[in-house]
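Residue numbers (my numbering): 301 to 643.
Glycine included, C-beta positions come from ideal geometry on N, C-alpha and C.
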Ligand SMILES: [Zn+2]
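As structure tokens, then:
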């Protein structure tokens, strides 16, 4: 098979298409013939990590994929060869108390396809059969790949951790990123009143087309929370989705209503945010962390996507051989939606 692989060349890390032996599924595993793979910030971290280690071994990154089941290992009776599937990239150990409770993303050994294991920037990969789910029938393979990590992350933030109710108001920072856009789309399914922020008027315009009720350009407005309060009749929003981190953290807490929730799942601008503790207890703000999702979150997300014919937003598609350039686009932050490799 061909795989776009991180390799050392003249002591630098480059991405190069390599021919590798086909992986073989073991007990409980399936061979996935990949048709599309989507990019995540994790892949940028993987590349940076590889670059920082002068003796790093060749590595295939990539966590999101959709494709066709090509072969089954022993003891798999839940899948059929030829089935069109999407990959849940979350890997729990399957044995600890958290996995037994169905909370795989709380597993102490929780990991992702493409980190400890070979990833999806390849023609084929082997994954646990339980991580493959039927691809929603209205989606292309590229759209299926675009769903995986971001939509399950957004689902858990909004529904499982954030306890979103019909008609709630939601502030989503940094619209344009995959998880933020997935949050906008899924929140609208519950008729939420959604406010989004970005430094780009163009991204705000496109979020408006996706159903956002108010867009705030945080480069042009110095007090985002003040604008949110005015828009919500002085009340503040029920739920804040913050994937941005240090830069947005103070406005996230200030924009939440009394008794509101702030859910964090990323820190692309830095991890050391400032929080006014007095404001947190006096106004009874709940601060919640969220990471990816459980198997149930993934299944619930897929059934909502299928039931509402929801289509993830795709920024651009690239051939497998241009995975390096596709990662550069992700790093630039210019994208609106998912960047997808077609295999
Ligand atoms: Zn576990």
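| Check | Outcome |
| --- | --- |
| Inter-stretch contact (C-beta, 8 Å, three-pair minimum) for the region 330–340 and the region 364–377 | yes |
| Residue burial classification, residue 505 (beta-carbon count within 10 angstroms, cutoff 16) | exposed |
| Beta bridge counterpart(s) of residue 484 as assigned by DSSP | None, per the DSSP bridge assignment. |
| Residue 384 versus residue 532 - alpha carbon distance | 44 Å |
| Coil, strand or helix - residue 433 by DSSP | strand |
| Same chain, Cβ closer than 7 Å to residue 308, neighbours up to 5 away in sequence not counted | 356 |
| Shell residues, 5 Å Cβ cut-off relative to heavy atoms of ligand 1 | 392, 393, 396, 399, 407 |
| Helix, strand or coil at residue 645 according to DSSP, with G and I counted as helix | This structure does not reach residue 645, given that the chain is present from 301 up to 643, and the question cannot be answered. |
| Anticipated Cβ contact below 8 Å, residue 264 with residue 339, distance rounded | Outside the shown range of the chain (301 to 643) lies residue 264, about which nothing can therefore be said. |
| Enclosing beta strand (DSSP E) for residue 315 [first to last residue] | 312–319 |
| Span separating the alpha-carbon of residue 558 from that of residue 535 | 8 Å |
| Any 3 or more C-beta pairs closer than 8 Å across the region 542–552 and the region 571–582 | yes |
| Three-state secondary structure (DSSP) of residue 381 | coil |
| Among 406, 507, 642, 554, nearest to residue 456 - alpha-carbon criterion | 406 |
| Residue of 569, 415, 583 minimising C-alpha distance to residue 562 | 583 |
| Distance CB(residue 418)-CB(residue 606) smaller than 7 Å | no |
| Short Cβ contact (7 Å threshold) for residue 469 with residue 523 | no |
| Rounded separation between residue 389 and residue 363 - CA only | 6 Å |
| 6 Å CB neighbourhood of residue 594 in its chain, flanking five on each side removed | 402, 403, 404, 405 |
| Residue from 544, 349, 530 whose Cα sits closest to the Cα of residue 567 | 544 |
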